[in-house]
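Q:
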Amino acid sequence: MDYHERKALRRQHFEQNVKGWKLVKCSACNGSGYYDNDGSPPCSACNGRGKVATRPQGVR
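Mapping of the sequence shown onto the working numbering: residues 5 to 64, in sequence order.
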C-alpha cells in the first residue's frame, strides 16, 4: 500500500470510530477516580481515570 491508500484508511477509521467521542467527568466518583477520600478502591465506573467516554449524539 502506498501513502494515499494508508491515509484513506486512517481517515475512514477516524470518521467511523473516533470523531465525536468526548471525555466527560465520571458521575460515580465526580472525577476524582475514587469513591471517597479515605482510602477506598479506584472507581470501577471509570477504572480510576476520573473521565468516561460518551458517544456522539445519534450513534448507538
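Glycine is no exception: its CB is placed at the ideal position from the N, C-alpha and C atoms.
Going by beta-carbon coordinates alone, are G37 and G54 separated by less than 7 Å?
A: Yes.
Q: Taking A57 as part of the beta strand (DSSP E), name the residues at either end of that continuous run.
A: Where A57 is concerned, the enclosing beta strand (DSSP E) stretches over 55-58.
Q: Which stretch, first to last residue, makes up the beta strand (DSSP E) that contains Y26?
A: Sequence inspection shows Lys at residue 26; the Tyr mentioned does not correspond to that position. That run of the beta strand (DSSP E) goes 26-29.
Q: By how many angstroms is the C-alpha of G52 removed from the C-alpha of R59?
A: Cα to Cα, R59 sits roughly 20 Å from G52.
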